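What follows is a short report on a single structure.
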Amino acid sequence: MPTASSAPPAAPPRCLVFPLIPTPFRLPHQECPPTHQECRLSLSGEFGAPSGGRGRRAEPGRAVSEHRAAGAATLGAVPSNAVLLLSCPDRRGIVAAVADFVARHGGNIVSAEQHTDPPSGVFFQRVEFELGAFDVDRDEILGAFEPVRARFEMAASLRFTDRRTRVAILASRQPHCLYDLLSRWHTDELPMELAVVVSNHPDHAETCAFFGVDYVHLPVTPETKPTQEAAVLQVLAEREVELVVLARYMQILSAGFVGRYPDRVINIHHSFLPAFVGARPYHQAHERGVKIIGVTAHYATASLDEGPIIEQDVVRVSHRDAPEDLVRKGRDLEVVVLARAMRAQLEHRVLVFGRKTVVFE
């Protein structure tokens, strides 16, 4: 019978590799044991040190980057698939022609969804297929597909699942949507390259430094708005941004700005559009005594809060709820709805059709 002295030593407690939310919003966690040699962040922002050693100042961005790299290695390589998005007048033979094209060139379809809009007679399809045995180079696939596209008068685009979209987040003072997107990007839940965060306030500089993301502060006043917007566009161009996300960015973008990124500026609006457009929608809803409130993720256009809707959700409220309660409940929805819309966009599941969208599951 083993004695207490011969029992194997207890395993050291598992360390928290990183805190998702920076000070002062971090949750407390257990200290590393003295024998543990791995660095990790403490509540004071210092790395833990071996017994008898002295902690050094944290390098949060480096810690985050190393964790993301380790996570990517654990998950393995992203499979190389192509995603074909198309729309055209509905007629017989479209699905067969697309499937035949993929099969003839050695591809294997792993996902195919389609929808027909009866009033307009327009057909939509998303086809994802493997490229492992495909006998056409990536850059030449659309050219090879041209006879099929021309035959059915299609609008077609091609994306690749191993190429991540370069994203910029624009934010103002409210942190909840920005923090949520940073966390989801950090844990690889949103497949994107986060190029930069731009804000008209300095509030989030420390947070972005922790996550290892460039933060550009461009203050704005009514008098400097055109100059500031031009500076934002320059930042986006320098970083080759492909998608812009307005994480409660409380500035109205000009037609010239959104025209540079058609169907590539996603906004989260804190109401169930088309109701309660403009400012203070939760207070508008409270004054009307509504029984549900909602939020909407949509593409930004030159017309305020009228762009094609990508995602929406609602929550019940009652006469007992004060305006502050509606704001709190709404914020919970905002982060979820914006993340859903982002994921749909990044996974190439959205087709814009006039003033609305088709979002494949």
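In our numbering, the protein residues as written are 217 to 577.
Every residue, glycine too, gets a C-beta built ideally from N, C-alpha and C.
All values derive from a computational prediction rather than experimental measurement.
If we count the other Cβ atoms within 10 Å of its Cβ and call it buried at 16 or more, is residue i buried or exposed?
| i | result |
| --- | --- |
| residue 531 | exposed |
| residue 550 | buried |
| residue 466 | exposed |
| residue 460 | buried |
| residue 450 | exposed |
| residue 253 | Per-residue confidence for residue 253 stands at a pLDDT of 36, beneath the threshold of 50, marking its modelled position as unreliable; no derived number is given. |
| residue 309 | exposed |
| residue 396 | buried |
| residue 555 | buried |
| residue 506 | buried |
| residue 520 | exposed |
| residue 527 | buried |
| residue 342 | buried |
| residue 336 | exposed |
| residue 504 | exposed |
| residue 570 | exposed |
| residue 497 | buried |
| residue 314 | buried |
| residue 359 | exposed |
| residue 448 | buried |
| residue 512 | buried |
| residue 524 | buried |
| residue 509 | buried |
| residue 535 | exposed |
| residue 468 | exposed |
| residue 388 | buried |
Name, in chain order, the residues that DSSP records as bridge partners for residue i.
| i | result |
| --- | --- |
| residue 298 | 345 and 376 |
| residue 385 | 413 and 461 |
| residue 513 | 484 and 527 |
| residue 357 | According to DSSP, residue 357 bridges with nothing at all. |
| residue 303 | 340 and 371 |
Tell me whether residue i sits in a helix, a strand or coil according to DSSP, three-state version.
| i | result |
| --- | --- |
| residue 465 | coil |
| residue 390 | coil |
| residue 371 | strand |
| residue 431 | strand |
| residue 338 | strand |
| residue 562 | helix |
| residue 399 | helix |
| residue 536 | coil |
On a Cα-Cα basis, can you pick out the residue from the options that is closest to residue i?
| i | options | result |
| --- | --- | --- |
| residue 484 | 517, 423 and 421 | 517 |
| residue 573 | 317, 316, 333 and 396 | 333 |
| residue 377 | 570, 444, 526 and 354 | 354 |
| residue 372 | 563, 359 and 302 | 302 |
| residue 553 | 529, 537 and 564 | 529 |
| residue 576 | 401, 307 and 344 | 344 |
| residue 432 | 438, 423, 439 and 440 | 423 |
| residue 408 | 562, 567 and 566 | 562 |
| residue 317 | 296, 357 and 470 | 357 |
| residue 383 | 508, 454 and 495 | 454 |
| residue 347 | 417, 364, 300 and 559 | 300 |
| residue 365 | 515, 312 and 429 | 312 |
| residue 349 | 548, 402, 568 and 320 | 320 |
| residue 375 | 558, 298 and 476 | 298 |
| residue 477 | 307, 435, 495 and 457 | 457 |
| residue 472 | 443, 425 and 566 | 443 |
| residue 339 | 404, 304, 326 and 410 | 304 |
At what residues does the beta strand (DSSP E) containing residue i begin and finish?
| i | result |
| --- | --- |
| residue 567 | 566-569 |
| residue 331 | 324-333 |
| residue 572 | 572-575 |
Assuming residue i is part of the alpha helix (DSSP H), what are its boundary residues?
| i | result |
| --- | --- |
| residue 441 | 441-454 |
| residue 473 | 471-476 |
| residue 350 | Unbroken run through residue 350: none, as it is neither H nor E. |
| residue 308 | Per DSSP, residue 308 belongs to no alpha helix (DSSP H) and is neither H nor E. |
| residue 501 | 497-504 |
So, is the C-beta of residue i closer than 8 Å to a C-beta in chain B?
| i | result |
| --- | --- |
| residue 307 | Judged by its chain identifiers, the structure shown contains no chain B, having just a single protein chain. |
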